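Structure first, then comments.
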Amino acid sequence: MNTLHRKSLPGTQLDYFDTRAAVDAIQPGAYATLPYTSRVLAENLVRRCDPATLDASLSQFIERRRDLDFPWFPARVVCHDILGQTALVDLAGLRDAIAAQGGDPALVNPVVPTQLVVDHSLAVECGGFDPDAFAKNRAIEDRRNEDRFDFIDWTKKAFKNVDVIPPGNGILHQINLERMSPVIQVQDGVAYPDTLVGTDSHTPMVDALGVIAIGVGGLEAESVMLGRASWMRLPDIIGVKLTGKPQPGITATDTVLALTEFLRKQKVVSSYLEFFGEGASHLTLGDRATISNMAPEFGATAAMFYIDAQTIKYLKLTGRDDELVKLVELYAKETGLWADSLADAQYERVLSFDLSSVVRNIAGPSNPHNRVPTSELAARGISGVVENEPGKMPDGAVIIAAITSCTNTNNPRNMIAAGLIARNANRLGLTRKPWVKSSLAPGSKTVELYLQEAGLMPELETLGFGVVAFACTSCNGMSGALDPVIQDEVVSRDLYATAVLSGNRNFDGRIHPYAKQAFLASPPLVVAYAIAGTIRFDIEKDVLGHDADGKAILLKDIWPSDEEIDAIVASSVKPEQFRKVYIPMFAKQADDGIKVSPLYDWRPQTTYIRRPPYWEGALAGARPLKGMRPLAVLGDNITTDHLSPSNAIMLDSAAGEYLAKMGLPEEDFNSYATHRGDHLTAQRATFANPTLKNEMVIEDGKVKAGSLTRIEPEGTISRMWEAIEVYMERKQPLIIIAGADYGQGSSRDWAAKGVRLAGVEAIVAEGFERIHRTNLVGMGVLPLEFLPGVNRKTLGLDGSETYDVAGERTPRSSLTLLIHRKNGETVEVPVTCRLDTAEEVSIYEAGGVLQRFAQDFLESSKAA
């Protein structure tokens, strides 16, 4: 840590680094013009970087240049158990690799504090209409995940600086917001802004507190864990001016769905957004967190709010210590991070959004940015009453209605509104339709406490929305099995069955294998759709039922007023509830004195945890980038769910067939996500999404959906996994051709690991989502970008070609893609190398993040 610009923080015993003085010494008055993001990143530089390079790095912030890489050292790493576990599996494998080469494996540890929350492994096998659902689902979770939890328990003892929150306690991001983030860190007598990376794309949820928190893949998190800087260039920082305030009856969900549509159209991919203006000051911290959580749905890296009175109010509400709350306000005002201090901040681009323009919305089908006003459902062809046969499910049947996801369950207004809808519906005799699998899975145990305090928990339970988990469930594809009778009817009648959830993602095939499409909605709307029972229903106009006097009941008859919602929030949500939940959760456990080996004892017959193969076989060899054949030719908006799905594993899938051969009963196949610690299972998930459209597979003149490809040069149509096996046996290098926004969605690094293990050496796309591009680099896959106006269609690519890549790989250099057509013609196409920094070039040339670290570790050990 430097001493330059270190000063005493007035009114405290602490020091801080005076970033304003450092910036203004270069150009007087410049600090006042810097956006919030630049101020926090600049503080990190002043405190952590080499003084010899400090002025050059800070000058970029002042001049808005992007020609110099600079280091960022996040204060901590947060993980959920899926990507966090796979990251630790990688580190365990790294220990083995280092031990095999004579190094000391015990020296491989996270040096940055790492917090792992086990929150992604529970499936809603028992719905919220079962009073014992929570206990039953937890028991199933423990049984299915015994191998995984054994490994996680080992990591607590084997690695330094790893804290684990066990299953059943809530969702990482909500716990991070409500407790884990102090907003201002204190270490060795120095106060500084909290910053972090998290192994989930929704890590920016805590940006709502003014904390720079970005989602990364497990590979990048591993690098940060091990103490390496996250190298970056000045990001594109966009100001989003919020005006007006929401109309009566409009929820934070409605607002964020409207913002998602708006910001996607504004092309904010990889940008840092900063929300400000009078409209922002009207939003509660819960509202802000709902917005920040969906940053990846905008395509943005971060979605920041300034520290202000709402921040302080929230810290008090969630039971933070008084001294911490005082420090946050004092530090923010002293260092220019308080909202009033940013009046002169300048942005290269400012967008304006009027909160009063937001109407009641849902999003769907298929994408979070497909916003539909509920008043227009019929006109869009989504709703519309149809004649239904008595005793049968209707067209558009809602088979999943889930109040789920930290996006919305973090927000007391949303949850109280859902409870009030349930109360009003119960009073009028409305019920959930029998085919609807309903569930309530809050991201925090405090939600149940304040719903009980408000007397609304029994009302939700009466409608079938009892607590099934404190975990990430339906939003992550963990909706669990349907009632067999309902499943049989969906299949036999080929019903257009749907899901409605208060989540952040609704990609095809994600929420449930038998829900053909899914829609995002606010928690109170989820309750309303459970009553309606079908998406083919005009929720604003159609009749939900009749009261005891035969009077028709509409949505407006059960929708609570804002005044009632706010009054109940004020009287029912209390700091002592948060303290009751979080003080014991984060109490340090006594060391039982049991020591474990620094090397994990890998279980031979597992399908969950296996030593990773990244230092052996094909991955240890060269990547010549010559003679590559396409594994897939894909369109726009390919998501990580297409690349490596997370939902339930079906028996007829490649992974399902493998698990059956390994002796696992079908009821315990679990999800693709939970098996990512075993590469033999996870490899079989590569492109396993049944909604994938690979343009190499044409039937009757149309692209056929499915986990399919065409083996070349034979031209044989095959399931994706069988084709990968053929190509691996031939040692055939592969390439993927894609359209715009490749790699949208979750930060799962298996979307990169899977293609690399299949033999993919390069991916050429019209554009990449940030996290997935970084994951590709971390796995040693070369990302290449077509120039504007050039794509697979203009080039007439059909998958019969072979490809070479020529040129020197330097940051964002121009390379040449040589396309060798079947007729003997060769076409040379310029492409941009999307290794964006010198650090990324170094990682790629080493073969990936882990290979690079192993090389450096062994070299430093020899030097010592």
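In full-length UniProt numbering, the protein residues as written are 1 to 864.
Backbone N, C-alpha and C fix where the C-beta goes; we use that ideal spot for every residue, glycine too.
All figures in this text were calculated on a predicted structure; none of them were measured in a lab.
Contact check, residue i vs residue j, beta carbons under 9 Å
i, j, result
"Met-696", "Ala-632", "yes"
"Leu-734", "Glu-761", "yes"
"Ile-416", "Val-527", "no"
"Met-294", "Thr-260", "yes"
"Ala-213", "Met-205", "yes"
"Glu-146", "Leu-122", "no"
"Ser-230", "Val-269", "no"
"Gly-627", "Asp-804", "yes"
"Gln-115", "Val-77", "yes"
"Asn-367", "Phe-507", "yes"
"Ile-291", "Val-256", "yes"
"Met-393", "Ile-486", "yes"
"Leu-643", "Asn-689", "yes"
"Ile-638", "Gly-706", "no"
"Gly-780", "Arg-623", "yes"
"Ala-158", "Ser-842", "no"
"Asp-557", "Leu-428", "yes"
"Leu-501", "Phe-519", "yes"
"Arg-834", "Leu-784", "yes"
"Val-491", "Val-350", "no"
Element boundaries [alpha helix (DSSP H), containing residue i]
i, result
"Tyr-529", "523-532"
"His-820", "Segment 814-820 is the beta strand (DSSP E) holding His-820; no alpha helix (DSSP H) there."
"His-80", "Premise fails: His-80 lies in the beta strand (DSSP E), 76-80, not in any alpha helix (DSSP H)."
"Glu-828", "Taken as a continuous stretch (DSSP letters only), Glu-828 belongs to no alpha helix (DSSP H), being part of the beta strand (DSSP E) at 826-833."
"Lys-661", "654-661"
"Glu-222", "218-225"
"Thr-681", "679-682"
"Lys-326", "322-335"
"Ala-705", "Run containing Ala-705: none in the alpha helix (DSSP H); it sits in the beta strand (DSSP E), 702-705."
"Pro-296", "295-298"
"Gln-101", "No alpha helix (DSSP H) contains Gln-101, which DSSP labels as neither H nor E."
"Ala-838", "838-846"
Candidates the options: closest to residue i by CA position
i, options, result
"Gln-346", "Ala-32, Val-790, Glu-712, Thr-774", "Ala-32"
"Glu-840", "Arg-676, Tyr-803, Asn-775, Phe-129", "Asn-775"
"Gly-277", "Ala-258, Phe-353, Gly-217", "Phe-353"
"Thr-606", "Glu-564, Leu-835, Ala-660", "Ala-660"
"Ala-425", "Ala-518, Glu-540, Asp-547", "Asp-547"
"Pro-166", "Phe-519, Phe-768, Gln-589, Arg-756", "Gln-589"
"Arg-413", "Val-350, Ala-570, Gln-851, Ile-238", "Ala-570"
"Leu-482", "Glu-125, Ala-752, Asn-476", "Glu-125"
"His-675", "Ile-82, Leu-440, Ile-238", "Ile-82"
"Pro-613", "Ala-758, Glu-274, Leu-625", "Ala-758"
"Val-211", "Gly-778, Thr-473, Ala-332", "Ala-332"
"Pro-296", "Thr-686, Gly-789, Asp-741", "Asp-741"
Close Cβ partners of residue i (< 6 Å) along its chain, the five nearest in sequence each way excluded
i, result
"Ser-746", "Ser-201, Thr-640"
"Leu-327", "Ile-184"
"Lys-822", "Ser-800"
Residue span of the beta strand (DSSP E) that contains residue i, given as start and end
i, result
"Lys-588", "Run containing Lys-588: none; DSSP gives neither H nor E here."
"Ser-572", "Taken as a continuous stretch (DSSP letters only), Ser-572 belongs to no beta strand (DSSP E), being part of the alpha helix (DSSP H) at 562-572."
"Ala-213", "212-215"
"Arg-536", "No beta strand (DSSP E) holds Arg-536; DSSP gives it neither H nor E."
Same chain only: Cβ atoms within 7 Å of residue i, ignoring 5 sequence neighbours per side
i, result
"Val-726", "Ile-711"
"Glu-540", "Thr-374, Ser-375, Leu-555"
"Lys-245", "Gly-279, His-282, Leu-355, Ser-356"
"Gly-168", "Arg-138, Phe-470"
"Thr-709", "Leu-631, Ala-632, Asn-694, Met-696, Val-697, Ser-718, Met-720, Ala-723"
Proximal residues to residue i (C-beta, below 8 Å), its chain only, five neighbours per side dropped
i, result
"Ser-57", "Leu-45, Cys-49, Leu-68, Phe-70"
"Arg-65", "Ser-59, Leu-234"
"Val-543", "Ala-552, Ile-553, Leu-554"
"residue 914", "Coverage of the chain is limited to positions 1 through 864, which leaves residue 914 absent and any answer about it impossible."
Neighbour flag for residue i against chain C, beta carbons, 9 Å
i, result
"Asn-176", "In the structure shown, chain C does not exist; there is a single protein chain."
heavy atom of the ligand NAD below 8 Å from residue i C-beta
i, result
"Leu-818", "Looking for the ligand NAD in the displayed structure turns up nothing, as the structure carries no ligands at all."
task = Could you tell me which uninterrupted beta strand (DSSP E) segments, each at least 3 residues in length, are contained entirely in the region 145-202, listed from first to last along the chain?
result = 162-165, 184-187, 190-193, 195-198
Whole runs of the beta strand (DSSP E) within the region 453-519, excluding any shorter than 3 residues = 498-501
inquiry  = Report the start-end ranges of each beta strand (DSSP E) in the region 14-75 that is 3 residues or longer and not cut off at the edges.
reply    = 15-17, 70-72
message = Suppose only complete runs of 4+ residues qualify. What are the alpha helix (DSSP H) ranges in the region 256-287, listed by chain order?
response = 278-282
task = Let me know the beta strand (DSSP E) ranges lying completely inside the region 756-821, each 3 residues or longer, listed in chain order.
result = 760-765, 782-786, 802-806, 814-820
message = Please give me, in chain order, every unbroken run of the beta strand (DSSP E) with length at least 3 that falls completely inside the region 387-449.
response = 398-403, 437-440
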